[in-house]
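Structure, as structure tokens:
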Amino acid sequence: MVEIEIRKISSLDQNWIKELFQKEWFSDKVISQGRIYQYKNLQGFIAVYQNKRVGMITYTIKNEKILEIISINSLKKNIGIGTEFVNHITKFAKSRQIDKIEVVTTNDNLKALKFYQKCGFKIMTVNVNIMREYRKIKPEIPLKAENGILIRDEFILQKKLNH
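Here the sequence shown is numbered in the working numbering, starting from 28 and rising by one per residue.
Right under this line is the structure:
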């Protein structure tokens, strides 16, 4: 098993996080469920492997009972970073008596849809054609994904937690 350390984001990570957001999200902000999130206002965790940052998960807590994952990035594939993040955030949420974890992805992100469902998340809502509205706020959102699928819809997945 690969040794991945998960630690809280610190002020020393801010430049790295800014670069990661620019590379992965084409901006310093993310839109999720109609809300705009700036990277510097998010809480989260960093994955460290062989003394290098290899991933990040950011989140917000809504209504004290729902933790929403805002972003999750694994920079080294197939070593379990995503799974470590989901396990870590689940334990973290349970320790704060949070009832549910939500995550949002788009219709083109087939790997994420598969991954989250394998981790116990269920599709709860599909906001059809919402990306058209989001592009008015964040024009950097591409029309088409690298896999050729038009980016149109927002999928909201949820995992209920047992305390």
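Cβ coordinates follow ideal geometry from the N, Cα and C atoms, glycine included.
What are the boundary residues of the alpha helix (DSSP H) that includes N114?
108–122
Straight-line gap, K165 to A172 (C-alpha atoms, nearest Å)
16 Å
Helix, strand or coil: how does DSSP classify I84 here?
strand
Residue(s) in a DSSP beta bridge with V131:
I183
What is the DSSP secondary structure of F72, reduced to helix, strand or coil?
strand
Kindly identify the DSSP beta-bridge partner or partners of K89.
I93
Is the Cβ-Cβ distance between E129 and I33 less than 7 Å?
no
Along the alpha helix (DSSP H) that carries E46, what are the first and last residues, could you check?
41–52
Would a C-beta distance cut-off of 7 Å place L188 and D126 closer than the cut-off?
yes
Is the CB-CB distance between I99 and S59 below 7 Å?
no
Please state the DSSP three-state secondary structure of S38.
helix
Quick check on K165: does DSSP put it in helix, strand or coil?
coil
Checking 7 Å against the spacing of the C-beta atoms, do I176 and D135 come in under that value?
yes
Alpha carbon to alpha carbon, how far is A120 from V153?
24 Å
In terms of residue numbering, what span does the alpha helix (DSSP H) encompassing Q77 cover?
Looking at the DSSP string, Q77 is not in any alpha helix (DSSP H), and its letter there is neither H nor E.
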